[in-house]
Each structure stands twice: as structure tokens, then as C-alpha cells.
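Each residue of the sequence shown is one higher than the one before, starting from 1 at the first, in UniProt numbering.
The C-beta atom is built at its ideal place from N, Cα and C for all residues, glycine as well.
Contents: one structure, followed by commentary.
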Amino acid sequence: MADDDDYQDMDNDDFVDDNDMEDVIEEDPQRADNEDEDDDNVDENFELFDQGKAVPTSEHVTTPFMTKYERARVLGTRALQIAMGAPVMVELEGETDPLEIARKELKQRRIPIIIRRYLPDGSYEDWPTEQLQLADWRPLKARFRALFILRNIGCDRSVEWIGKCLNDESALLKHELAYCLGQMQNKSAIPTLQTTPEPMVRHEAGEALGAIADPSVKEVLRKYAQDPCPEVSETCQIALGRVEWVENSGKDTNSPYDSVDPTPSASISDVGELAATLVNVSLPLFDRYRAMFSLRNINTDESIKALAQGLYCEDSALFRHEIAYVLGQVQSPVAIKELKDRLLLPTENCMVRHECAEALGAIANEECTDILKQYVNDEERVVRESCEVALDMAEYENSSDLQYAHKRFLKCLSTFRMKPFGRLAYTTARRIGTCKRNVTTSRHFCVESNVQTSVEPGTLYEMDLAVAKQLNMKTHLPSQLAKQMDTLGEIVTLVREPTAEVASCMRVVDKHLPNLRLVLWGAFGTGKTVTLNQAVHHAYKNNWAIVNLRSAMELTRRVKEIEMSSYVAGRINDPSNAVAILQNFKQQNHHVWKTLTDLLTEKDYEWSKSERTLKGKPITEIVEMGISAPFLASDCVGALFRELRRHAKNDKLKVLVAIDDANSLWGKTLVKRADRTYAPPSDLTLVVHFRRMIANDWTNGCVLMVADKKEVADARDELEVSRHTPLELFGEEGFEFIEPFVPIETSNYTESEADKIYNYYVSKNWLASKAARSEEGRKQLMYLSAFNPYYYERLCAFN
1 MADDDDYQDM
11 DNDDFVDDND
21 MEDVIEEDPQ
31 RADNEDEDDD
41 NVDENFELFD
51 QGKAVPTSEH
61 VTTPFMTKYE
71 RARVLGTRAL
81 QIAMGAPVMV
91 ELEGETDPLE
101 IARKELKQRR
111 IPIIIRRYLP
121 DGSYEDWPTE
131 QLQLADWRPL
141 KARFRALFIL
151 RNIGCDRSVE
161 WIGKCLNDES
171 ALLKHELAYC
181 LGQMQNKSAI
191 PTLQTTPEPM
201 VRHEAGEALG
211 AIADPSVKEV
221 LRKYAQDPCP
231 EVSETCQIAL
241 GRVEWVENSG
251 KDTNSPYDSV
261 DPTPSASISD
271 VGELAATLVN
281 VSLPLFDRYR
291 AMFSLRNINT
301 DESIKALAQG
311 LYCEDSALFR
321 HEIAYVLGQV
331 QSPVAIKELK
341 DRLLLPTENC
351 MVRHECAEAL
361 GAIANEECTD
371 ILKQYVNDEE
381 RVVRESCEVA
391 LDMAEYENSS
401 DLQYAHKRFL
411 KCLSTFRMKP
421 FGRLAYTTAR
431 RIGTCKRNVT
441 TSRHFCVESN
451 VQTSVEPGTL
461 YEMDLAVAKQ
471 LNMKTHLPSQ
481 LAKQMDTLGE
491 IVTLVREPTA
501 EVASCMRVVD
511 KHLPNLRLVL
521 WGAFGTGKTV
531 TLNQAVHHAY
541 KNNWAIVNLR
551 SAMELTRRVK
561 EIEMSSYVAG
571 RINDPSNAVA
581 ILQNFKQQNH
591 HVWKTLTDLL
601 TEKDYEWSKS
611 ERTLKGKPIT
621 EIVEMGISAP
631 FLASDCVGAL
641 FRELRRHAKN
651 DKLKVLVAID
661 DANSLWGKTL
671 VKRADRTYAP
681 PSDLTLVVHF
691 RRMIANDWTN
701 GCVLMVADKK
711 EVADARDELE
721 VSRHTPLELF
731 GEEGFEFIEP
741 FVPIETSNYT
751 ESEADKIYNY
761 YVSKNWLASK
771 AARSEEGRKQ
781 LMYLSAFNPY
791 YYERLCAFN
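So, in C-alpha cells, the structure goes:
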């Protein structure tokens, strides 16, 4: 989080010195409203006090959440106190940085500071930091969207990050986390699911273990089948039955709703007989579950009404909970009365009430939303959180705008801000399973090699020189690497974890899902550009169309000539760069040129009085038009991109948009208007065209962006160390435009990766000196470079 690291830059007037405490309390509280009058953010109206010196109010009216501004200043103040020798309130595990210690204290709610918030009427409230919650900028509904996106991706990395959130404060979120881990059926989730604490979460973890159905989970399921909590024991008994059923039958229990059911459906189809089985409390729950799923699959008003009667079976809260779940799947208003009855019943188990709320959110008519609004402030936290999420589901279901879900921020799932988020459609995946495909968890990355055609992270692969020439790798790769490859006569790179992660994400691209936006970010020299070009090669091997921009900075700072647009007043065209973009597109898409030739334009394009491209002509004519007439090239780029998006949505082809230095699309420009003022990026035609490709109002594509600090770093400033996270590099405007997205961090080499590169250099005699080829030299190269890939290559080049 950007604000966490800015405490050294903050105004000292915002903080209260111990010696001046009494003076501050005596002051007119309106002072806070008069300061910084040009600041529109009301979050600035607060002060910090050492705990015990402030006067608390008896009743709070402001939000119980700590804002990001308060968080930043609390951390900054506390870090300063620690640096000056204040006692540390937590047990340290080797931490020495005051800010890291302050973060640990805040996480454990041990910071002895009170936040005073000034109110518009001149009064104020005192909030001890331990009473404030820390997640107001991550709404639960947004975290649910991120969760279902990760569930649909389904790779080991998704499992890892979902598992990291199982220590969250929200039992509802943890319940859904466990559910999604089961639906992914990824065996790597088994250790995580075996360590869940609360009964509500433990029951869902038991069901998830049953969904994975690996024989290794039988022992732990038998153990918890004797749990004193009936919901947990009943769940584990059913899960154990499912594992044994899968083993004996060799079948899974997938449903028409793309969910992995706890039991198979019953073999009979008579609604009356199934209804009788459903409410027969003398039968095992496993058999009643089978009847329940059969009634759901029949999906008539009669079967749904029979199904809803299960909500009145008082013998098992778990059973009523599952009934509410399947009623949410069918999304039928026939069951509203029964769902409302159980939600309104204050003595009902909270796990049943929360599931009824989510089912009403899935049905999403006006009656349902009115009910949910009544209980959005329910005393039970899990119920009110479910109502919040359900109202968001209802709003999405009732929206005619496909992109409703993407107009809101989705910043993170876990407490670490810049980790896995992405932007697919907001999905009630738990209910209706919008992801219609099973995504393999294999991390294989298909490549061209003399030795193998599929490699894992940590493996070298060689790209065919003819393919590299077509993809213009000599221009797009870093110059030092291009020179090395020219010298060695081959293109060999290392497949690292980010490359495998990009490949995994590209596999879920689908015509039904908005384009998937990925951001490669990391410190200087950690391989962002190399990873991007490996992804371009991956797209080539899978016959995707490729839109590859070598550097967005070329559009904002390296403009050779300009002309005013005749299409949009005030817009500035860039003929030279536009021609280069079209030429590069033609060269890189030679492998799909025949396909592109078969794709026809949707309308007439009139470029000038004498030049036009008629409706029904191949879109490749737009490319040729722009190359042959540079003064039309900027508009041709826009028309080409528009046609590519349209044909991708129609499932005619998949498109990879790869943009290096993408944050420069929201950076500074060196393009001047006629009045000698610098034009903003939004006035540059090519920048606008690429921003439209980044916007996810089209489907069947992937947008891969690199966030590079060269846009914001001053090479002459040797003191400032620029941060390299997407928020800082894209800025607020750019970040809001591209979010939600999947951030993929590139990092330094591991020792095994450095060894792999070292052995390659030795085999190619790239390391010439005897000292460099020794064991001592190998270690020195690693440690002198600090495992940074760029510096490692530079050191090896001169040894």
C-alpha cells in the first residue's frame, strides 16, 4: 500500500507531540476543518494521540474501519516512535525496520495510539486503534469477486493465495474460501483444508475434502466424523460417503450447475417419491442429499416447492443450509417465501440464515432485495456480511450492462495489497458456475525446443530463429540479451514462475469472459520484458493474434512528428509510430494472416475524400492502407483494433495484447501543442487506441502489461528509490482504469535458477575466464549480482 511507506514525507503538523498534548486538546476542534482547505478528502480530519491521554466519547457515529490515510499516519507515527527508542509492543522475530515492526503491531492490534476524528459539527470521537477494523478499502463483495476469479483460474498459485486468507476475521469469507478450494478439486489444497478452526468453516472444509475425493483424506474425515459439533460431524460423514462412492463407481458428482456436489443425485425421477425421501428424518443424510440434488436437477416449480420444504426440517441445520444453497443455484422465485421465513427467524442457526440471504441475492428480484436491505445490519456478522454480498449479486443479476462488475475496484483478496486479483466477470460462480470449462492445474508451458515440447519453470528452452525473426525478438528483447543471442547464434531463455503463471492465465481465456488483464511488476532487471516476450511466443504457438507494443513510452516521449487529427478535434496523431505499429503487427501475425484475411470489416471506413475501406473487405486491407499512407496510419490503428475486438468477441480468434512499459500510457509526455504546452496522454491518438484495447469491454483476449519504474524514476537522482508496485507506477488514474487485474511479480533468481543459467553460459563458453568457471567464481557471480537477473548477465558477460 502506497500510504504505508510515506510516513517520512508527511507533514509534522499532522502529529501530536507528547509535550503539546494538553494544548491540542484545548484547541478549537474546528482547526481540523480549516486546515488544508484545498483537500477534498474528509479522511484528513483526524489527529493521533498516545493511548490514555485522549478523552473518549460514549457513542461512536463514524465508521469502525480505519481509512488508508489513518493507517498510513498511524504506521508513520509509530515507526518514528520505535526508531526513537519507544518500547516495542510485540514479540520480534528478527525484524529491525521500525516500519515493519509498526505493521506487525498494527496487525496484532497492539499500537498504543488513539485516533481522534473531527466531526462537521465541531465535536470529535476518539478511537483506540485496536477497536478499528483494517479493511474498509477492501469491501467483502469485492473480495468475493476476486475469490471466484481465482477459483475459475484453478491453478496451484490460486490455491496458495486462497489458503493464505483462511486466517481472515470474516467467518463468511473463510467459509467461501473453503468451498472454492473444494470446487477446484486441486489436491494441493488438502493440507490447508485440514487446519481450519471455526465450526462453520470446518464443516465447509470437510465438504471440500470430500469434493477433492483423494483417498488420503479418509483418515481425517473419519476423525472429524466424531466431532462434537453436529454440523461438522454430519458433513464429514457425508464427505466420507462421497469419497467411497467415487472410489467404487469411478465417477464424479458434477452437476448441471457446474458444481461438485457432496453426493450424487438419486436415480429416481418421481417428484413425490423424492419429496418424501427429502423430509424423512429417519433416513441417512446421504440419501436425503441425493433426493435433494435430484429435485434440483428436475427444476420445475413442483420440484422446487418440494425442495423448499426441506427448510422446515428441524433435525439438521446442515441439511437446511444445503437446501438454501441449492435453492440459490436454481434461482427460482417460487422458493422466496421459505427462504424469507428462515432468514427472518432469529433463532435459526446463522449458517442457515446466511445461506438463505445468498440464495435471495441469486434470485435477485425486487422482493428479495427489499428483504436483504432489512437485514444488512443484522446482529449476526455472518448474516449481515452475506446480505452485503447478496445485494451485490442482485445488483449484478439485474444489470443490463455486461461490464457492471468491472466498474468497481477489486484491489485484493488477502491482506497484502498487490497480490492476486484479476478481472473476469463478477460471477455468482458458487450458484450458477459461469466458468464452463475445467482448467487444468498443470503448469506446462508449450515451447519449441530440440529436446522437449513442454517444460516446467526452471527449464531452459530454445526458440527457433526463424520464429524469433518473425516475432521481431531482436527489437523487443532487452538490447543486452539480444546482443548475447546474436553472438551465440541461438535464443535460449529460462522459463520462470511468472511465465508459467501467465500461461496458466491465458488458458482460461474464453469467448464468454471479458479479457483477462495481467500486470507484470517487479524490481529492475528481474525479467519483466523477457517474460512478456515469452508470452508472445506462447501466443504464437497457440495461433493467437498478437498486438505487441515494444514500449508505451515511445508513444509519449519518442514522437518524431505529429499532426492534428481530422477525426477528433484536439487529438494528436503520430504517423511514424502508427506505421511502425502496423508493420510490426503484420510481421508478428504472419502465422495467422490467412485467418485475418478471412475476417471482414463491419462498416465502411472513409479515411479521406479519395481513400476508403468498404464494408465486407478483409481487415488486413486496413493494415496495408495505414502502411502505404502514413498520414492515415493513426486512424487505421484504431480501426484495426476495433475490428480485432469485435472478431474476438465473435470467437473468430483469440488476441494477446502485450504492452511493455504500459504505465507510460498514463505518464508524462514530451508532445507539445501549438501553444507550447505539453499535451496529456489522453490527447494522443495512439495512446487512446491502446487504452481501448486494455479496457475489458471485449472478450476472448488477454492483455499483458509491464509496469516499469523508468516512467517515474529520475536517473539523475541517486538518493530516491522509487517503488515498483503497480499502484505507484500506474498512478491513481491508471490503476483505477486497469483494475481489477492479476498482478504477477517478477523476482530475483533462486539459487537453482542462477545455477541453470550459469551452467548454460559455461557450456557455451560465454564465461571465458578460468576464475569465473570455478566453484568460487560461480558463488561470487551470484552474490555480486545479488541474484538479480540483469546484473548476473552483465557480470557474466565480462568474465
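- Counting only the Cα atoms, Arg143 lies some 29 Å from Ile238.
- If you ignore the 5 residues before and after Asn548, its C-beta comes within less than 7 Å of the C-beta of His476, Val536, Asn584, Gln588 and Ala658, all in its own chain and listed in chain order.
- DSSP, reduced to helix, strand and coil, places Arg117 within a strand of the structure shown.
- In the three-state scheme derived from DSSP, where H, G and I count as helix and E and B as strand, Thr63 is classed as coil.
- In the three-state reduction of the DSSP assignment, Thr613 falls in the strand class.
- Beyond the five residues adjoining it in sequence on each side, Glu711 comes within less than 6 Å, by CB distance, of Asn663, Ser664 and Gly667 in the same chain, given in chain order.
- Proximity of the region 285-305 to the region 313-330 meets the contact definition, three or more beta-carbon pairs being nearer than 8 Å.
- In this structure, the beta-carbon distance from Asp574 to Val559 falls below 7 Å.
- For Thr746, there is no enclosing alpha helix (DSSP H); the enclosing beta strand (DSSP E) covers residues Val742 to Thr746.
- Approximately 4 Å separates the beta-carbon atoms of Met89 and Arg110; this is inside 8 Å, confirming the contact.
- Between the alpha carbons of Pro112 and Met84 lies a gap of roughly 15 Å.
- Taking a C-beta distance under 7 Å as the contact criterion, Ala359 and Leu345 do not qualify as a contact pair.
- Sorting Asn577, Ser576, Leu513 and Leu481 by C-alpha distance to the C-alpha of Thr531 places Leu481 at the top.
- Straight-line spacing of the CA atoms in Cys155 and Asn186 works out to 8 Å.
- Following the DSSP letters along the chain, one finds Glu125 inside the beta strand (DSSP E) bounded by residues Tyr124 to Pro128.
- Straight through space, the alpha carbons of Leu582 and Thr601 are spaced by roughly 17 Å.
- Cα atoms of Glu456 and Thr699: separation of roughly 29 Å, rounded to the nearest angstrom.
- For a cut-off of 8 Å, the C-beta gap from Thr195 to Leu181 is around 12 Å, too long to register as a contact.
- Counting other Cβ atoms within 10 Å of its Cβ, His512 stays below 16 and is therefore classed as exposed.
- In this structure, the alpha-carbon of Val271 lies about 7 Å from that of Leu295.
- Runs of the alpha helix (DSSP H) lying entirely within the region 656-716 and spanning at least 4 residues, in chain order: 685-694.
- If you ignore the 5 residues before and after Asn280, its C-beta comes within less than 8 Å of the C-beta of Arg288, all in its own chain and listed in chain order.
- A Cβ-Cβ distance of about 5 Å is found for the pair Asp604 and Lys615, placing them in contact under the 8 Å criterion.
- Counting only residues of its own chain and dropping the five nearest sequence neighbours on each side, Ala364 has a CB closer than 7 Å to the CB of Met393, Ala394, Glu397 and Asn398.
- Taken atom to atom, the span from the alpha-carbon of Tyr118 to that of Tyr124 is near 4 Å.
- Looking from the CA of Lys652, the closest CA among Ala466, Ile619, Asp660 and Ile627 belongs to Ile619.
- Per the coordinates, the alpha-carbon of Val61 lies some 34 Å from the alpha-carbon of Ile336.
- Counting only runs of at least 4 residues, the region 336-373 fully encloses the following alpha helix (DSSP H) elements, listed from N- to C-terminal order: 336-344 and 350-363.
- Within the region 516-595, complete beta strand (DSSP E) segments of at least 3 residues are found at 516-522 and 545-549, given in chain order.
- One alpha carbon belongs to Ala633, the other to Met564, and they sit about 13 Å apart.
- As the crow flies, the alpha-carbon of Gly731 is around 29 Å from that of Phe787.
- Exposed is the label assigned to Lys373, since fewer than 16 other Cβ atoms lie within 10 Å of its Cβ.
- Burial of Gly626 is indicated by the presence of at least 16 other C-beta atoms within 10 angstroms of its C-beta.
- For Thr487, the uninterrupted alpha helix (DSSP H) run begins and ends at Ser479 to Leu488, by DSSP.
- With a 10 Å radius around the Cβ and a threshold of 16 neighbouring Cβ atoms, Arg78 comes out buried.
- Counting of Cβ neighbours within 10 angstroms places Phe293 among the buried residues, the total reaching 16 or more.
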